[in-house]
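Engineer: Numbering (my numbering), first residue to last: 7 to 294. Structure in structure tokens, see below.
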Amino acid sequence: MALPSKLKGFNLFQNGENFVGKVAEITLPKLTRKMEDWQGGGMSGPIKVDFGNEGIQMEWTAGGFMKSVLQQYGITQHDGVLLRFAGGYQAEDSTSVDAIEIVIKGRHSEIDPGTAKAKEDTAFKVTTVASYYKLSINGENIIEIDFVNMIERINGNDILATLRTAIGLNTMSTKQSAATATDLPESQVQDDPNTLTLDTPLVRGNQTIERVTLHKPKSGELRGVSLSDLVNLDVVALSKVLPRISTPTLTEADVANIDPADLVQLGGIFAGFLMPKAVKSKLGYQTE
């Protein structure tokens, strides 16, 4: 008989900032399908029609005022705040610990500083709504949901790939927009130094990826990647880095299957993000 794996410890990070010792409680995001009844003529009862996901949010409580959280209030980007929950779960019949990680990108929709009462404890409550969600167990990606880019990967299976193809999104420019490749001038794609047109298009099930765009890593996006990985930038290192900064989002399997010549060029784009502007200018990189 196997015993359940129970939470033994957790931590929370915001944009890479470590909140160790500050957060008392977290309500982890609930995943809910948006379903409506349908009963057509000749049917003896209704079925549920799946219309995607309900909204995703994380609620959490800190022990007191959090300046860095307040500074993020009203941020305009839909994915401007990155929260990372790291939990250690262990069963009483095992010595091993499961690492459960939940990453969301969104923004704070509600900040409740609580009440002020003499000689009583304080609570600082935050609700963070998400446009991106990823759940991994022991480093294995189990669920990834990206509302804006219409991506749902469940246990490695991209369940919306055929739907994206049907509406013309799988051939889109990898700029984060709703425009298809035919909506953007080819010169605009070619002029973007962070966009690579692959010599060998990457085939992922029914999806063909012809271009990949990398963005400069935000604070916290490379957490867990070692300095030696950033220096070496071998295939193993790039399989850790590229899924975090690529559009469309590359998986570790994609990185392993990508043409070596294309992988070298993607590595070069990423290396450019790490260089000081003065060095980039001397080497001929386009600087901001």
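For glycine and all other residues, C-beta sits at the position ideal for the given N, C-alpha and C. All of these numbers come straight from a predicted model, not from anything done at the bench.
Given this structure, state the Cα-to-Cα distance separating Ile117 from Phe91, to the nearest angstrom.
Structural biologist: The alpha-carbon atoms of Ile117 and Phe91 are separated by roughly 18 Å.
Engineer: Spell out the partners DSSP gives Arg39 in its beta bridges.
Structural biologist: Bridge partners of Arg39: Asn59.
Engineer: Going by C-alpha distance, which of Gly47, Thr67, Gly48 and Met7 is nearest Gly27?
Structural biologist: Taking only the C-alpha atoms, the option nearest Gly27 is Thr67.
Engineer: Just curious, the beta strand (DSSP E) that Gln213 is in, first and last residue?
Structural biologist: Residues Gln213 to Leu220.
Engineer: Quick one: complete beta strand (DSSP E) runs, 3+ long, within the segment 108-144?
Structural biologist: Taking only runs of at least 3 residues, the beta strand (DSSP E) segments lying wholly in the segment 108-144 are 130-143.
Engineer: If you drop the 5 nearest sequence neighbours on each side, which residues of the same chain put their C-beta closer than 6 Å to that of Ala184?
Structural biologist: Confidence is the limiting factor: at Ala184 the pLDDT is only 34, short of 50, which leaves the residue's position unreliable, though a coordinate-based value still follows. Counting only Cβ-Cβ distances below 6 Å, and skipping sequence neighbours, we find nothing.
Engineer: To which residues of the same chain is Leu280 closer than 7 Å at the C-beta, ignoring the five residues directly before and after it?
Structural biologist: Closer than 7 Å at the Cβ level, and outside the excluded window around Leu280, lie Leu236.
Engineer: Just how far apart, CA to CA, sit Asn238 and Leu228?
Structural biologist: Between Asn238 and Leu228, the C-alpha separation is close to 15 Å.
Engineer: Would you call the segment 49-65 and the segment 240-252 in contact, with 3 or more CB pairs under 8 Å?
Structural biologist: Verdict: no, contact absent.
Engineer: Just tell me which of Ile143, Thr133 and Thr214 has its CA closest to the CA of Lys111.
Structural biologist: Comparing Cα-Cα distances from Lys111 to each of Ile143, Thr133 and Thr214, the minimum goes to Thr133.
Engineer: DSSP state of Ala97, grouped into three classes?
Structural biologist: Coil, per DSSP.
Engineer: Please report the straight-line C-alpha distance between Ser137 and Lys54, rounded to a whole angstrom.
Structural biologist: About 24 Å.
Engineer: So the alpha helix (DSSP H) Lys73 belongs to, where does it begin and stop?
Structural biologist: Taken as a continuous stretch (DSSP letters only), the alpha helix (DSSP H) holding Lys73 covers Lys73 to Leu76.
Engineer: Apart from the five residues just before and just after Glu258, which ones in its own chain have a Cβ nearer than 6 Å to its Cβ?
Structural biologist: Excluding sequence neighbours, Glu258 sits near Ser245.
Engineer: Could you check where the beta strand (DSSP E) with Ala30 kicks off and where it finishes?
Structural biologist: Run containing Ala30: Val29 to Thr33, per the beta strand (DSSP E) assignment.
Engineer: Between Gly230, Phe16 and Lys140, which has its C-alpha nearest Gly158's C-alpha?
Structural biologist: Checking the displayed sequence, the identity of residue 158 turns out to be Glu instead of Gly. Selected option, being the one with the closest Cα: Lys140.
Engineer: Thinking Ala97 and Ala8 are a contact (beta carbons under 8 Å), I'd like their distance in whole angstroms, please.
Structural biologist: That belief holds up - the Cβ atoms of Ala97 and Ala8 are roughly 7 Å apart, short of 8 Å.
Engineer: Assign Lys125 to one of two classes, buried (16 or more other C-beta atoms within 10 Å of its C-beta) or exposed (fewer than that).
Structural biologist: Flag for Lys125 reads exposed.
Engineer: With a CB to CB cut of under 8 Å and the five nearest residues on each side skipped, what residues in its chain are close to Leu34?
Structural biologist: Correct list, in chain order: Met64, Phe91 and Ile108.
Engineer: Around the Cβ of Gln77, are there at least 16 other Cβ atoms within 10 angstroms (buried) or fewer (exposed)?
Structural biologist: Result: exposed.
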